[in-house]
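Shown next, in structure tokens, is the structure this report addresses.
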Amino acid sequence: MAAKLVSLLLEERFNALGYDIDSNGVGRQLALDLATEGPRALGRDGFDRLIATAVGFFSKKNRTGDQVTVDDFYAVIRESYVYARRRKAPQAKKAAEVLDMLRKTRPEAEEFARERPAEATPTGEHGLLDDAMDPLVTAVPTVILHASIRYGGKLQVLADDQRLLTDGKLEVLERGATAVGLVHGLIKENHLQDLVRGRSVDHPSLQLADLIAGAGRVVARWHDGEDEPAGDELHLVVAPLVDPGGLLMDEGPEDFARVDSARAKRR
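The number in the numbering used here is simply the position in the sequence shown, starting from 1, with 189 added.
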């Protein structure tokens with residue numbers, strides 16, 4: 190969610206000013222500062238309130254059928270900034286700096302709110318704005334791009350058959366993954382040959398992916414200090430499979446080979 194705040198608001202603002210904070214890693218670092226230092230700067234309840242409000246703002250509708258307004262959203266951002274700024278702890282300073290930048294992105298938020306649909310986009314349109322908060326929107330092009338960088342050649346990608354991944358959305362995500370790689374010089378040409386959907390009952394490769402994902406989830410919980418005996422057995426196998434260039438913000442393969450003692454202690 191911290192990364193979404195940066196990409197949907199701060200990146201837009203900096204791009205309008207002529208600065209690219211995506212390819213140089215600045216955007217990633219800002220999201221990392223907010224995600225890791227925010228809970229200590231705002232307190233767990235304050236940080237959870239900020240994240241929950243952001244989710245409500247960027248989502249189509251919240252559970253009551255209403256949407257978080259721009260005024261509501263920025264009231265929470267301002268209050269969070271003021272609270273973090275008053276804290277004397279060093280980690281609060283990093284979070285306060287990011288929140289200070291977010292305070293100035295109201296025009297970008299207003300534009301998002303104008304374009305945000307009240308209901309799901311009708312069938313036939315890709316409607317990615319509907320699903321700005323869904324991890325698949327980020328995961329699919331990220332996996333394609335990093336596989337293109339790592340393996341080269343022509344990729345054939347089989348995605349699990351999810352209701353979100355309509356043909357129209359797959360086409361947009363496919364173009365997006367290629368465009369990002371070409372613009373930033375990460376790839377020299379389109380390496381994607383096919384991007385199709387399938388069901389696990391028909392494709393053993395999807396069944397294998399489900400097993401690996403399940404093992405990864407158990408190891409992630411174990412790494413986070415939870416009581417997961419299976420994670421203790423699986424972490425040596427799963428950790429090398431973690432892609433340090435993937436969606437994780439600050440943790441690499443070596444981190445998942447051990448328990449996060451700080452988180453375990455907090456529990």
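The beta carbon of each residue, even a glycine, is placed where N, CA and C say it ideally should be.
Keep in mind that this is a model prediction, so the values were computed, not measured.
Cβ pair residue i, residue j closer than 7 Å
{"i": "Val329", "j": "Leu381", "result": "no"}
{"i": "Ala428", "j": "Pro442", "result": "yes"}
{"i": "Leu231", "j": "Ala273", "result": "yes"}
{"i": "Leu194", "j": "Glu297", "result": "no"}
{"i": "Ala302", "j": "Val257", "result": "no"}
{"i": "Gly420", "j": "Val407", "result": "yes"}
{"i": "Gly370", "j": "Leu334", "result": "yes"}
{"i": "Asp449", "j": "Gly414", "result": "yes"}
{"i": "Leu353", "j": "Asp323", "result": "yes"}
{"i": "Gln280", "j": "Arg229", "result": "yes"}
{"i": "Tyr270", "j": "Arg295", "result": "no"}
Limits of the alpha helix (DSSP H) - the one that residue i falls within
{"i": "Arg295", "result": "295-304"}
{"i": "Arg410", "result": "393-412"}
{"i": "Val458", "result": "Only positions 190 to 456 of the chain appear in the structure, and residue 458 is not among them; the question remains open."}
{"i": "Asp421", "result": "418-427"}
{"i": "Val287", "result": "279-292"}
{"i": "Val244", "result": "215-247"}
{"i": "Thr447", "result": "It should be noted that the sequence gives Arg, not Thr, for residue 447. Element bounds for Arg447: n/a, residue is neither H nor E."}
{"i": "Glu415", "result": "Taken as a continuous stretch (DSSP letters only), Glu415 belongs to no alpha helix (DSSP H), as it is neither H nor E."}
{"i": "Leu194", "result": "191-194"}
{"i": "Glu201", "result": "200-205"}
Distance between beta carbons of residue j and residue i, contact taken as under 8 Å
{"i": "His412", "j": "Phe445", "result": "5 Å"}
{"i": "Ser394", "j": "Leu347", "result": "6 Å"}
{"i": "Ile401", "j": "Leu425", "result": "Not quite, the Cβ-Cβ distance comes to about 14 Å (not below 8 Å), so this is no contact."}
{"i": "Gln345", "j": "Asp383", "result": "5 Å"}
{"i": "Ala200", "j": "Ile210", "result": "At residue 200 the sequence reads Glu, which differs from the Ala that was named. With 8 Å as the limit, Glu200 and Ile210 qualify as a contact, their Cβ atoms being about 6 Å apart."}
{"i": "Gly227", "j": "Ala191", "result": "7 Å"}
Residues bridged to residue i (per DSSP)
{"i": "Arg388", "result": "DSSP, once it has assigned bridges, lists no residue as partnering Arg388."}
{"i": "Leu344", "result": "Leu381"}
{"i": "Asp349", "result": "Gly387"}
Q) Per the contact definition of three or more C-beta pairs closer than 8 Å, is the region 211-226 in contact with the region 283-295? A) Under the three-pair Cβ rule at 8 Å, the region 283-295 counts as touching the region 211-226.
Q: Could you tell me whether the region 238-250 touches the region 261-268, where touching means 3 or more Cβ pairs closer than 8 Å?
A: yes
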